[in-house]
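What follows is a set of notes on a single structure, which appears directly below.
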Amino acid sequence: MTDLKSGLLAHFRAGILAVSAVILLSACGGGEPQLTRVEQGNIDGVLHYGNGAEPKGLDPHIVTGVPENHIVSALFEGLVGKHPETLEPIPGVAESWEISPDARRYTFYLREDARWHNGDPVTAEDFRWSWMRLLTPALGAQYNYHLFPIVNAEAYANGEITDFAEVGVTVLDPFTLQVDLREPAAYFLQILDHYSAYPVHRATIEAFGDLSDRLTPWAREGNLVGNGPFRLTEWQINSHVRVEKAETYWDADTVQLNAVVFYPTENLVTEDRMFRDGQLHFTAEIVLDKIPVYQAEQPEIVRIVPWLGSYYYMFNTTRPPFDDVRVRKALAMTLDRDLLVESVMQGIVDPSYALVPPDTLGYFPPKTFEYDPDAARALLAEAGYPDGEGFPEFELLYNTQESHRRIAVAIQQMWMRELNIPTQLTNQERQVYLENQDNLNYDVSRRGWIGDYVDPTTFLEMYVTDGGNNKTGFSDPRYDEIILREAPATLDRDKRYELYKEAETILIEAMAILPIYTYKTKHLVDPSVKGMPPNIMDHYNFKFISLEPVSDQG
Amino acid sequence: MWRFLGVRSLQAIPVIFVVITVTFFLVRAAPGGPFSNEKAVSPQVQAALEAQYRLDQSMLQQYFSYMADLLRGDLGPSFNFPGRTVNEMIFQGLPITAELGFYALLVALIIGVLAGVIASLKPNTAQDYVPMSLAMVGICMPSFLLGPMLVLIFGIWLDLLPVSGWGAAPGDKVLPSITLGAMYAAYIARLSRSGMLEVMSQDYLRTARAKGLPERVVVIKHALRAGLLPVISYLGPAFAGLLSGSFVVETVFQIPGLGRFYVQAAFNRDYTMILGTTTFLATLIVAFNLLSDFIAAWLNPRLRYQFQKKK
Amino acid sequence: MSQSASDLDQITTAADAMPRGVSLWQDAWVRLRKNKLAMFGLVFLAVMILLCLFAPLLTPYGYEEQNLRLGAIPPSAAHWLGTDTFGRDLLTRILYGGRVSLMVGFIATSVALVVGVTYGAIAGYVGGRVDAMMMRLVDILYALPFMIFIVLLMVVFGRNLLLLFLAIGAVEWLTMARIVRGQVQGIRQQEYVEAAISLGLSPAAIIRKHVIPNVLGPIIVYTTLTIPNVMLLEAFLSFLGLGIQPPMSSWGLLISYGVETMEEYPWLLIFPGISLTLTLFALNFLGDGLRDALDPKASRD
């Protein structure tokens, strides 16, 4: 037995040694210091970009998410673009444009050297055809409403008319596009830089199937033809998407990057690790608990700036007790937003008392109420629930995510402590949560809204009577009047903003929504990245970005 | 022998059929469709979307068209990734999960068999208790705890190994493989230990010893073969466990494998993806169970004989 | 040699009066006591259950009591195991979480127990074609990838505590059924059962009086071994976000929170992790010990 035992033990020991050796060797990897991915990228001109979720697709007319947006905006270009700092419109495919005095007719003059990635010229007809595709009912494009300001666009999208020639888009000559609006829309130019208005390459799409078929593989690596500063070279699901500089791009001389690689980084902790290991130049988010650490130790890489987004709770005003405005107001006035923002959110958002974020291209929302628990208690008593007595238990709905949970838990405590009201927290994943909102099947629910373009309308238009995005049952005729008729017709920006303030005051006085905070975007940015100034839309045009190795900087 | 294999294969078919049908109706019964969106869509758009994906047909109609496609090997388009088919997504994630599973199994077999055999040689002593207690750690520390702890110790505090990815940086396959394999190492250790113990006292081994064969030969040539039989039978269920264990390990280590696809699809209500992956995984599991039963039967003459006698 | 007749009478009467199984149980208990690991498991388990049960009396903090200004701090005199990001005392949350984890463990196991034993007993007792059919069903169910189904079930029908119990119980009853059926089959063939049948006792009575007491041993063993599996399954589901929902917490949920912040606040991961691991250890050692004690034919010698 001893013979065997020592024999086996010897083998066992050898095995352990072998395994440890393998681990150590693989960890060391050679002996020389290797360049991190970021350092190598700085030399090669390749930007490594943490992009959040895996993109679901790259067809500009079909996609709806932020991660897709980033990649699509590198691959395609619309009529106009946005200035990197001020966000005012700058020329894109359109070299210049004319707006008629009544602001109803836009004429775009396209540059003649804009090319698709396969060399075909980009023409006005491309835009007409692409917008027809966006509005085609069978395609089911979820952002088709962006083009509804155009004459007859909505009718075409609803199937009321079937001849696209009746829609207000006319090709005057190969490089001139004329657009007629049914009423003035001050923000129309801003919309044109949204990906839903991008052109798509007709020949490519038609080679793979019907223009309304969303299941064709035209938007895949090897097939996709765009007209932007970069073209698609690799796409491995759950691994990365790689785009490389397109020499066909009319402004290729301005483009300094050679490639951008987008990584799906759903897990924030992993993304953080990747950044610190030198694998990413840019992260989509920063882990909440690490923010104070970074701000103390490496403030130069932390970028936290206001974002065009609002985080709030909404009330189902068709269900008691939330059909009583006093109840709604009481709940709103009991939130210590400053405490919430400071401790739960680590100071990376701004407390909000309205819907539209402040400084939305110069617009500042009104403030109509304050944190006042005493007044709240009085209101609640007036509504018939003194000291919370008899208040029915209700559900606070949110979609499953750590940050939503943290806020909900803290707010639940505040309502209990100040008003003696028991809240039942319910979290569901996104699809279920959205469906329950649609069906008005909730009591109080979390809501978040990111603006699509830089104008208060992108928020305020949600709450018109029976608006598809309303979901609260709120309805006010004066509000509708302002948002649907008066404001779009007011060309003077200051006057328009006054009208918006009036509308927003109506909304908040009715407290159909319970404002909590406005977003800030948070990113970690490697010091070697240049040409990426922060802005409220968190929009970056990759053609202006360059990389400067840190040692070369002064 | 072949009859045995044939009978078992036939039994597998209703299993798979049940799996597909149950999953199909279960998923469709779910609240929250694949197209719910934060930004509301007009009814026309919703209708157009549903038509594209055949969601406007009746449940039964959809079921039959799905089964018809399935027989041709077509698992349909992914709801979440338009332009990609389920087949292609599965075959993209599969090699990675397979590799992960293979390494994990390797870890499990090596550590498990070694620990179990060593422990069985001197029962009820320290040589027995120590490896078996260590093996117990594998059972009692779930992968979603073990993984992060390994990451904490080796990836963060000691900074020896990468904490995520697969094949992206050298050494990033070590931690996930160990995490996934640990639990199976434990079970295999226990199985091999008890198997060896049972066998070691058998008569035919006594005969071998009496013949004067050295102990090492007795163990390796005779005992191992029979003693490890339970380990072989265990491989089937172990494989199933590895696949489901991969859900967590792939999520924790951000590995782009089939397990992660599955979890994402489930949360996103990507009907075709859920169905396709479930069908695929179930078929694999059933096939693997079959294989391991077959191997076990072949190795165990008694079992084989028993079946042949049953005529 | 000089035993009086009355003494002999006493001894024999006493021997007849003892119910048959006692010596087996006493015997098993003696064996169990000798197994140090199993005793450690038993003691640990008892202590843990008591601690969790009396949690409200033991800690001065409520388990949802926040202290936002404090935030997360490492173990200190006021908070023995530290606090989480809301300033909630970790020790309190572990004790309350333990309640939920243990409760899920016991209840779901009971579900599996009841279903499995009934099913297996019927199959083993009746035998023949009914048995073959019933076990065929078990085989088919065994082959199903249950993890996949459970994830699907929880995603589809939402996180309902009752559903959780049913789903978990539905996975575990199969093994129980198989074991019970095997045991019952063996006992069924014993002579005393044949005798009871010929005496005209109803099958239900026979099962109750003869079969079940004799399979009690293995049942206890496998029940003790099923509980940790169930707890693991619950922790796994909670980790994925599909099991216990806030504001309730279980150890699995606490672990998932701890993973998120494990670099800055490692204690939030380590302490719940240790609690879960040690409890599972205890249960497994106890189960193994019970198996060795009650079924001397298996393993060891």
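Protein chains in written order, with the working numbering: chain A, 936 to 1489; chain B, 534 to 844; chain C, -3 to 297. Cβ coordinates follow ideal geometry from the N, Cα and C atoms, glycine included.
Residues near residue i by beta carbon distance below 6 Å, same chain, minus five either side
| i | result |
| --- | --- |
| N1053/A | V1160 |
| N822/B | G769 |
| I1356/A | G1323, F1326 and W1350 |
| Q181/C | G120 |
| D826/B | none |
DSSP three-state assignment for residue i, whether helix, strand or coil
| i | result |
| --- | --- |
| S1481/A | strand |
| P1255/A | coil |
| H1018/A | coil |
| I1025/A | strand |
| G1383/A | strand |
| H983/A | strand |
| D1415/A | helix |
| S1245/A | strand |
| I546/B | helix |
| S1031/A | strand |
| W263/C | helix |
| I1283/A | coil |
| P1002/A | helix |
| H75/C | coil |
| K1430/A | helix |
| Q1077/A | coil |
| Q22/C | helix |
Sheet register partners of residue i (DSSP bridge)
| i | result |
| --- | --- |
| K1180/A | F1165/A |
| E1330/A | Q1359/A |
| F1250/A | V1379/A |
| F82/C | Its beta-bridge partners do not exist; DSSP assigns none. |
| D1108/A | T1111/A |
| R204/C | Partner(s): none; R204/C has no beta bridge. |
| W1185/A | Paired residues: none, contrary to the question. |
| T1240/A | The question names Thr, but residue 1240/A is Val in the sequence shown. According to DSSP, V1240/A bridges with T1456/A. |
| F1217/A | Y984/A and V1460/A |
| R1050/A | P1056/A |
| Y1298/A | T1295/A |
Close beta carbons around residue i, own chain, < 7 Å, minus the five adjacent residues each side
| i | result |
| --- | --- |
| F40/C | L274 and A278 |
| E1437/A | I1417 |
| R1068/A | H996, L1074, V1135 and L1146 |
| W76/C | L87 |
| G671/B | A715, M716, A718 and A719 |
8 Å CB neighbourhood of residue i in its chain, flanking five on each side removed
| i | result |
| --- | --- |
| G1000/A | A988, P990 and K991 |
| F161/C | V100, I103, A104 and V107 |
| P1484/A | E974, N977, I978 and S1463 |
| G1402/A | E1396 |
Where the alpha helix (DSSP H) through residue i begins and ends
| i | result |
| --- | --- |
| G248/C | W247 to E256 |
| R184/C | L157 to R184 |
| R1352/A | E1337 to L1354 |
| R1261/A | V1260 to M1268 |
| F624/B | V619 to L654 |
| T1042/A | No alpha helix (DSSP H) holds T1042/A; the beta strand (DSSP E) holding it covers R1040 to L1045. |
| V670/B | A659 to C673 |
| R924/A | The question about residue 924/A has no answer, for chain A in this structure spans 936 to 1489. |
| F614/B | Unbroken run through F614/B: none, as it is neither H nor E. |
| P52/C | A51 to L54 |
Delimiting residues of the beta strand (DSSP E) encompassing residue i
| i | result |
| --- | --- |
| Q1113/A | T1111 to D1115 |
| L1449/A | I1448 to L1459 |
| F1197/A | A1194 to Y1198 |
Minimum Cβ-Cβ distance from residue i to chain F less than 7 Å
| i | result |
| --- | --- |
| I146/C | Structure shown: chain F not included; protein chains present are A, B and C. |
Query raised in the report: Along the chain, which unbroken stretches of the alpha helix (DSSP H) at least 4 residues long are found entirely within the region 701 to 774 of chain B?
Result: 707 to 733, 736 to 743 and 757 to 760
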